[in-house]
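First up is the structure itself, then whatever we jot down about it.
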Amino acid sequence: RCDPCAYDLCNACQVAKQRQAARLPTAPKQRPSSPPRREARAPIMVRPEEPQVDCPNRHALKHKNPSHPVECNYCSQEMTEKVPAWSCDICGYYLCKDCHADKALD
């Protein structure tokens, strides 16, 4: 630190300036190591993996809100657009949350 100028240099820059003043080749600047990006980020909360359940035609069911009221093909419970259902867009097959859970255990 230069007190009259209030000029600060880190150790690496000070050494580089001294080498430059002495007309020595400058060494490449080394940056302080930072933690890998994986450790630097906050952990992401991931929903536990849902078991795969297929429609009778073996298409994977997707969890989403239906675009219109639908009926569970297993228990006949009616589901509205506000309630996510397990569905097969190809077959128009729907399962409610409870029936999906039951089928997942099979």
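Here UniProt numbering is used: the first residue of the sequence shown is 1, the next is one more, and so on. The beta-carbon is built from N, C-alpha and C at its ideal position, and this holds for glycine as well.
For the pair leucine 95 and asparagine 73, the CB atoms are nearer than the 8 Å cut-off. The beta carbon of lysine 62 sits closer than 8 Å to the beta carbons of Trp86, Ser87, Cys88, Asp89 from its chain, once the five residues preceding and following it are set aside; these are given in chain order. Comparing alpha-carbon positions, the option among Ala22, Tyr93, Lys64, Cys13 lying closest to lysine 82 turns out to be Lys64. Per the coordinates, the alpha-carbon of alanine 22 lies some 10 Å from the alpha-carbon of alanine 16. Distance from cysteine 75 to cysteine 99 at the Cβ level is roughly 5 Å; contact confirmed, criterion being Cβ atoms closer than 8 Å. For lysine 103 against valine 53, the beta-carbon gap comes to about 5 Å, under 8 Å, which counts as contact. Separation of alanine 60 and valine 70 (C-alpha to C-alpha, rounded to the nearest whole angstrom) is 18 Å. Residue range 85 to 88 is occupied by the beta strand (DSSP E) that includes cysteine 88.
The C-alpha of proline 84 is placed about 11 Å away from the C-alpha of glutamate 78. The beta-bridge partner set that DSSP reports for lysine 64 consists of Ala85.
Spanning the alpha carbons of cysteine 10 and glutamine 20 requires a straight line of approximately 15 Å.
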